[in-house]
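Chains as they are written, first to last, in my numbering: chain A, 7 to 246; chain B, 7 to 246. The block underneath contains the structure these notes are about, expressed in structure tokens.
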DNA sequence: AGACGCTTGTGACGCACGTCACACAGCTTG
DNA sequence: CAAGCTGTGTGACGTGCGTCACAAGCGTCT
């Protein structure tokens, strides 16, 4: 079956091939059946907004495929990208649990497949299944952990260069390239968006990149970035 | 019974008078008994360190009485105060759940009574009791929520004045004074510590306070601060 | 082709704030 | 009462980076 956006929809969580390595998906069969009966499999095009910060929680969105940009916005129009969510993550989880408004805005950055579960159904599901409930606690711990990282990076570093270097290192870690001598990574974000991730201005980001290229620390061809001097990058990340 | 630090220890959670209004403490009797059997009631003096960020999680610390400073530190000696924990909060929760190192450092700022539970015991306890597990999820949601607030305040505001104003408003909210025309609040922290909470320097904090006093927005006698012009404070908090 | 939109690149300018340096005030301690 | 410590108040200085303004590269649409 093809979704409206030319993506194959995985009908059932029971037969999902993506399942094995996900935090939340690998539940025992009984729980999975229960989950199956309350979830709505849906698909979104690029640029769709799953929910907006401040809205009362309608439910959770389990991201199965694609990636989603989570951001925090101020009334004055300033915006800060908190993280890019990957498949397996549950979005809107903490708001759904606590009943408080969503604390971030979620927007797809490519076509996504998502399982939506209504709040009431989800809460009932959790109260019936310790294991699922525990998984949720694990997910929340994870979210809290990365939020702390965010706070650390925002609060403890005193230069934009430091934060940018940290971001690059983190990315090269996540895509498994970090082991190599010269990690390579695809920049899927514009300078503007990178700036929003580290809380600085677009111009500063392009200036920093220019500087790093001049110093032979990185090198770019098209949208891929080659880190030529990891040591120097780490140097920048950890101090000045 | 008097603890080493001149504080009455509440022997049992079952008879605890503080219990009713706590998130985690009001469990059904069976769960409470189970909890009772694995917890260690302990007391700490002012300035005690419950755990340090980076340590592997030994377990959780349920704060019953007193308050605890949670901070994030950088190797370069910079430090940022993330929040002041109040009774009822579970400290070290997310690390204990996930098994990752504690993400913050916890230090008592007055004599505290704490219930400690070893990690293994706690995990077993959770897996036996959906309700407790759900409470934990709620607590984690809460923690995540305030972490998001922190990120918002750090990332979206462009002046120290804005962050300070936000902090003062938040404090006056929390102690219930915010409804009054001229909220009053006790400053329990030094300028240095306030600076660490909003990620700026001590001098800037005292200069900002001086400025606000000059503009008749606040007024201080001893360690209590009187907010004379809430509107102006909000003005500062939301824009500039 | 040109027109339009989005992204990147770069110079000029200014200011908010970090840093250093020192004075003063209140407190505990011997 | 001097000595010492911790917290507050304030001036001088330098700078990182936000902001504005504009040019140039590149893809898409008509």
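Using N, Cα and C, we set each Cβ at its ideal position, and we do this for glycine too.
{"Check": "Closest to residue 37(A) by C-alpha separation, out of 107(A), 19(A) and 226(A), would be which residue?", "Outcome": "19(A)"}
{"Check": "Could I get the ranges of all uninterrupted alpha helix (DSSP H) runs contained in the region 182 to 207 of chain B, with 4 residues as the minimum, in chain order?", "Outcome": "197 to 204"}
{"Check": "What is the C-beta distance between residue 205(B) and residue 160(B), in whole angstroms, given that I count them as a contact (C-beta under 8 Å)?", "Outcome": "6 Å"}
{"Check": "So for residue 118(B), helix, strand or coil by DSSP?", "Outcome": "strand"}
{"Check": "Could you tell me whether any Cβ in chain A is nearer than 8 Å to the Cβ of residue 161(B)?", "Outcome": "yes"}
{"Check": "Closer than 6 Å by C-beta to residue 249(A): which residues in its own chain qualify, once you throw out the five before and the five after it? Chain order, please.", "Outcome": "Here chain A covers residues 7 to 246 and nothing more, so residue 249(A) does not appear."}
{"Check": "Between which residues of its own chain and residue 142(A) is the CB-CB distance below 8 Å, once the five residues before and five after are set aside?", "Outcome": "30, 96, 99, 103 and 132"}
{"Check": "For residue 41(A), which residues from the same chain have a beta carbon less than 8 Å from its beta carbon, with the 5 sequence-adjacent residues on both sides left out?", "Outcome": "19, 33, 123, 131 and 138"}
{"Check": "When the Cα of residue 44(A) is compared with those of 125(A), 22(A) and 84(A), which residue comes out closest?", "Outcome": "125(A)"}
{"Check": "Expressed to the nearest angstrom, what Euclidean distance is found between the alpha-carbon atoms of residue 157(B) and residue 175(A)?", "Outcome": "21 Å"}
{"Check": "Which class does residue 112(B) belong to by DSSP, given the choice of helix, strand or coil?", "Outcome": "strand"}
{"Check": "How about residue 57(A): is its C-beta nearer than 8 Å to some C-beta of chain B?", "Outcome": "no"}
{"Check": "For residue 37(A), decide whether its Cβ has a neighbour in chain B, counting only Cβ atoms nearer than 8 Å.", "Outcome": "no"}
{"Check": "Who are the near neighbours of residue 58(B) in its chain, counting only those whose CB is closer than 6 Å to its CB and skipping five residues on each side?", "Outcome": "111"}
{"Check": "Out of 49(B), 48(B), 82(B) and 77(B), state which residue places its alpha-carbon closest to the alpha-carbon of residue 164(A).", "Outcome": "82(B)"}
{"Check": "Got a sec: is the Cβ-Cβ distance from residue 170(B) to anything in chain A below 8 Å?", "Outcome": "no"}
{"Check": "Does DSSP put residue 66(A) in a helix, a strand or coil?", "Outcome": "strand"}
{"Check": "Tell me whether residue 148(A) is buried or exposed, calling it buried when 16 or more other Cβ atoms sit within 10 Å of its Cβ.", "Outcome": "buried"}
{"Check": "For residue 177(A), I'd like the list of residues in its chain whose CB is within less than 8 Å of its CB, leaving aside the five on either flank, ordered along the chain.", "Outcome": "191"}
{"Check": "Where does residue 223(B) sit, in a helix, a strand or coil, going by DSSP?", "Outcome": "coil"}
{"Check": "Taking the alpha-carbon of residue 135(B) as reference, which of 39(B), 239(B), 232(B) and 233(B) has the nearest alpha-carbon?", "Outcome": "39(B)"}
{"Check": "Which residues, in order along the region 126 to 154 of chain B, keep a beta-carbon less than 7 Å from a beta-carbon of chain A?", "Outcome": "132, 133, 136, 139, 140, 142, 143, 144, 146, 147, 148, 149, 150, 151, 153 and 154"}
{"Check": "Is residue 237(A) close to chain B, meaning its C-beta is less than 8 Å from at least one C-beta of that chain?", "Outcome": "no"}
{"Check": "Can you name the residues of chain B whose CB is closer than 7 Å to the CB of residue 205(A)?", "Outcome": "161"}
{"Check": "Output yes if chain A places a C-beta closer than 8 Å to the C-beta of residue 245(B); else output no.", "Outcome": "yes"}
{"Check": "Helix, strand or coil: how does DSSP classify residue 159(A) here?", "Outcome": "helix"}
{"Check": "What number of angstroms, rounded off, separates the C-alpha of residue 113(A) from the C-alpha of residue 75(A)?", "Outcome": "5 Å"}
{"Check": "With the cut-off set at 8 Å, would you say residue 242(A) and residue 185(A) are in Cβ contact?", "Outcome": "no"}
{"Check": "Please determine, among 50(B), 115(B) and 94(B), the residue with the shortest C-alpha to C-alpha distance to residue 77(B).", "Outcome": "115(B)"}
{"Check": "I think residue 72(A) touches residue 118(A), with their Cβ atoms under 8 Å apart; what is that distance to the nearest whole Å?", "Outcome": "3 Å"}
{"Check": "Residue 214(B) and residue 224(B) - do their beta-carbons sit closer together than 8 Å?", "Outcome": "no"}
{"Check": "For the candidate residues 46(A), 222(A), 105(A) and 35(A), whose alpha-carbon lies nearest to that of residue 63(A)?", "Outcome": "105(A)"}
{"Check": "Can you pull the chain B residues whose beta carbon is under 7 Å from the beta carbon of residue 84(A), in chain order?", "Outcome": "162"}
{"Check": "On the premise that residue 91(B) lies in contact with residue 153(A), defined as a C-beta separation below 8 Å, what is that separation, rounded to the nearest angstrom?", "Outcome": "In fact, because the Cβ distance is near 16 Å, the residues do not count as touching under 8 Å."}
{"Check": "As an exercise, report each continuous beta strand (DSSP E) stretch of at least 3 residues that is fully enclosed by the region 43 to 99 of chain B, in chain order.", "Outcome": "45 to 50, 55 to 57, 65 to 71, 74 to 79 and 85 to 91"}
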